[in-house]
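Working notes, beginning with the structure itself.
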Amino acid sequence: MENGSFEFNSKLAMDPFFIPAGGKYPIFLLGIAVYLFGMSCNLTLLTLIILKKNLHKPMYFILFSLPLNDLIGITAMMPKVLSDIVTETSDVYYPLCVLQAFLLHMYGGAVLFILAAMSFDRYVAICMPLRYSSIMTLRTVICIVALVWGLDFVLILLLFSLQARLPKCSSLIRNVFCDNPSLLKLTCVNTTVQNITGLFNTAVIQAISISIQVYSYVKILITCLATRKSEAKNQSCPHLCGTVSHSGDF
Numbered sequence: 204m205e206n207g208s209f210e211f212n213s214k215l216a217m218d219p220f221f222i223p224a225g226g227k228y229p230i231f232l233l234g235i236a237v238y239l240f241g242m243s244c245n246l247t248l249l250t251l252i253i254l255k256k257n258l259h260k261p262m263y264f265i266l267f268s269l270p271l272n273d274l275i276g277i278t279a280m281m282p283k284v285l286s287d288i289v290t291e292t293s294d295v296y297y298p299l300c301v302l303q304a305f306l307l308h309m310y311g312g313a314v315l316f317i318l319a320a321m322s323f324d325r326y327v328a329i330c331m332p333l334r335y336s337s338i339m340t341l342r343t344v345i346c347i348v349a350l351v352w353g354l355d356f357v358l359i360l361l362l363f364s365l366q367a368r369l370p371k372c373s374s375l376i377r378n379v380f381c382d383n384p385s386l387l388k389l390t391c392v393n394t395t396v397q398n399i400t401g402l403f404n405t406a407v408i409q410a411i412s413i414s415i416q417v418y419s420y421v422k423i424l425i426t427c428l429a430t431r432k433s434e435a436k437n438q439s440c441p442h443l444c445g446t447v448s449h450s451g452d453f
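So, in structure tokens, the structure goes:
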């Protein structure tokens with residue numbers, strides 16, 4: 204495709220899924236089941252946190268962002284995948300491709316920021332229990348949640364704004380889903396600045412999240428070893444398991 208023929212609503216071709224003969228509908232049904240299961244589990248968690256007054260605590264207000272973010276990630280990915288499987292097509296309009304890529308990058312960054320916020324909450328609860336109520340006020344929690352989503356949004360928006368105005372000379376997405384690197388390959392100019400910015404954003408997100416989590420859990424571990432409080436161990440272990448289980452999402 205020549206640059207002059209590329210328009211905002213141009214249709215892009217994506218790499219197709221390899222589906223063995225006779226496997227289309229079984230794979231589609233399995234995908235539907237996985238999608239509905241993920242949606243129902245996360246919606247259940249959100250509903251419980253909203254309706255149960257005994258869960259209206261700082262820890263659960265921060266936790267609320269985790270299933271909400273999972274809904275964003277699974278909704279950005281699965282409907283398009285399921286549609287491609289059942290229709291045996293792999294086309295996507297450019298605006299929808301950008302939207303999917305933006306949401307997937309938002310999802311990946313938010314996972315790390317949310318886990319960092321949760322680890323900070325556990326750090327305050329275990330290492331400074333007498334000051335927990337005065338530190339983790341509703342205002343503080345709102346600021347933490349706003350910072351999590353705001354910083355993630357700004358970093359991802361910066362990433363996409365740099366490639367949005369670049370001239371396009373290709374209509375092939377060399378992937379089965381849309382992401383920023385695939386969108387950059389549509390351009391016909393040097394993308395060194397955009398690539399460096401992408402690496403910088405990834406490094407910033409990883410550094411902030413990992414630093415907060417490592418610091419929080421080291422302090423928690425020291426507190427647990429020093430005080431031998433079973434309550435402290437019971438509070439930190441479930442969230443630590445959650446951190447490990449979500450660490451592969453980004």
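Sequential numbering from 204 applies to the sequence shown in the working numbering. The C-beta atom is built at its ideal place from N, Cα and C for all residues, glycine as well.
According to DSSP, simplified to helix, strand and coil, what is Met339? Here Met339 sits in coil by DSSP.
Test item: CB-CB of Phe305 and Phe380 under 8 Å: no
Could you check where the alpha helix (DSSP H) with Ser285 kicks off and where it finishes? Before going further, note that residue 285 is Leu rather than Ser in the sequence given. That run of the alpha helix (DSSP H) goes 268-290.
Should Asn393 be labelled buried (16 or more other beta-carbon atoms within 10 Å of its own) or exposed? That one is exposed.
Proximity to Met331 [Cα-Cα], best of Cys427, Leu258, Tyr238, Ala410: The candidate whose alpha carbon is nearest that of Met331 is Cys427.
Count the other C-beta atoms from every protein chain shown that fall within 10 angstroms of the C-beta of Glu205, then say buried if there are 16 or more, exposed otherwise. The predicted model places Glu205 with a pLDDT of 46, which falls under 50 and marks its position as unreliable; any figure quoted below should be read in that light. By the 10 Å Cβ count, Glu205 comes out exposed.
Based on the DSSP output, what are the partners of Lys371 in its beta bridges? Thr390
Using the beta-carbon count (16 or more within 10 Å), is Gly353 buried or exposed? Classification of Gly353: exposed, given that the 10 Å Cβ count is below 16.
Just to confirm before moving on: does the CB-CB distance between Ser268 and Val344 stay below 8 Å? No, the pair does not count as a contact, with Cβ atoms beyond the cut-off.
Give me the Cα-Cα distance between Met242 and Ile277, rounded to the nearest whole angstrom. 8 Å
Going straight from the alpha carbon of Gln416 to that of Val301, what length do you get? 31 Å
Report the option in Leu402, Thr247, Ile399, Pro219 whose CA atom is closest to the CA atom of Lys283. Pro219
Unbroken alpha helix (DSSP H) run spanning Lys193, endpoints: Because the chain here runs from 204 to 453, residue 193 falls outside it and cannot be looked at.
Is the CB-CB distance between Ile317 and Ile230 below 8 Å? no
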